[in-house]
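S.K.: My questions all concern the structure below.
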Amino acid sequence: MMTRLHTLGLAILMALCAIIQPARAQVTAYATGQGSVNSIDVAVEVRASVRSRCGFAAGGAPAGNIDQADFDQSGFTKDFAIQLNCTGASRIAVSSTNGGMATQTVGGTGYGTKAPYQVALRMVADNGTSVAAMCEAATIGDGSCSFAGMASTATGLRLAGASTKANGSYLRVSAPSYSGSAPLVAGRYTDTLSITVSVTP
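Here's what the structure looks like:
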């Protein structure tokens, strides 16, 4: 008798579990002519991401030199084209070795050995937006220029859009004829600019 009651109780318990558990519908698809359901729609969500990349395009880094005789009298100006390969926002920064056109020649009393000049950046994105700034080389040298230093996520001139084409971006160096109070000592004057680029939020 106990065995029958135990079996009966187990059967009731199993029946209650079947009632409590939610039913899971099973759908079967049939070949044409073998049933009313011929296809089943199943949603599969696929997610992925692409990280920003940024650098100079092949052959797109500004390079070259300017060699201007008697620049103290005539001044100079020259543009160096820049082409980036940045899939998102970027920053570009410039550092200067001398903070001006400097000579190794020892200057006598009353003579200058460093001449000022200007550095301008103009960056253009693929969507046509642009950003530009200009600084004295001296402020690049002392770090007070807005785009002075090594480019990082927070340092440098910020271009908000992607730039992957030859959009007319450039670095320009220029100087008017020298007007300082101390005449420049005769000699060869040089400076070296280093340009870096970085991704940025």
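Letter by letter, the sequence shown follows residues 0 to 200 in numbering that gives the first Met the number 0.
Beta carbons: idealized from backbone N, C-alpha and C, even for Gly.
(1) Beta strand (DSSP E) containing Ser-168: first to last residue?
(2) By DSSP's criteria, Asp-69 is part of a beta bridge. Which residues make up the other side?
(3) State buried or exposed for Val-105, treating a residue as buried only when at least 16 other CB atoms are found within 10 Å of its CB.
(4) Between which residues of its own chain and Thr-163 is the CB-CB distance below 8 Å, once the five residues before and five after are set aside?
(5) Which same chain residues end up closer than 7 Å to Thr-273 when comparing Cβ atoms and leaving out the 5 residues on each side of it in sequence?
(6) So, at 7 Å on beta carbons, what are the nonlocal neighbours of Ile-11 in its own chain, with the 5 sequence-adjacent residues on each side left out?
(7) Helix, strand or coil for Ile-39 per DSSP?
(8) Using only CA atoms, which one of Arg-171, Ile-194, Ser-178, Gln-25 lies nearest to Tyr-110?
(9) Less than 9 Å separating the beta-carbons of Ala-174 and Phe-70?
(10) Which partner residues does Thr-195 have in the DSSP bridge list?
(11) What would DSSP say about Gly-142, mapped onto helix, strand or coil?
(12) Let's test the definition: count the other Cβ atoms within 10 Å of the Cβ of Ile-18 and tell me whether it reaches 16, buried, or not, exposed.
M.R.: Let me lay it out:
(1) As a position in the sequence shown, residue 168 is number 169, starting the count at 1. Element bounds for Ser-168: 168 to 174.
(2) Counting from one through the sequence shown, the residue named residue 69 turns up at place 70. Paired residues: none, contrary to the question.
(3) Position 106 of the sequence shown, counting from 1, holds the residue named residue 105. Burial call: exposed.
(4) Locating residue 163 in the sequence shown gives position 164, counting from the first residue. Around Thr-163: Ala-56, Leu-83, Asn-84, Cys-85, Thr-86, Asp-125.
(5) Here the chain comprises residues numbered 0 to 200, so residue 273 is not present and cannot be evaluated.
(6) Counted from its first residue, the sequence shown places residue 11 at position 12. With a pLDDT of 45 at Ile-11, under the threshold of 50, the modelled position of that residue is not reliable, and the figure given next carries that caveat. Nothing meets the Cβ criterion.
(7) Here residue 39 refers to the residue found at position 40 of the sequence shown. Ile-39: coil per DSSP, three-state reduction.
(8) One-based indexing of the sequence shown puts residue 110 at position 111. Checked all of Arg-171, Ile-194, Ser-178, Gln-25; the closest Cα to Tyr-110 is Ser-178.
(9) Here residue 174 refers to the residue found at position 175 of the sequence shown. Here residue 70 refers to the residue found at position 71 of the sequence shown. Yes, they are a contact pair.
(10) Position 196 of the sequence shown, counting from 1, holds the residue named residue 195. Partner(s): Ala-92.
(11) Translated into the one-based positions of the sequence shown, residue 142 becomes position 143. Residue state, collapsed to three classes: coil.
(12) Here residue 18 is taken as the residue at index 19 of the sequence shown, counted from 1. Its pLDDT being 49, under 50, Ile-18 is placed unreliably in this model, and the value from its coordinates should be taken loosely. Ile-18 comes out exposed.
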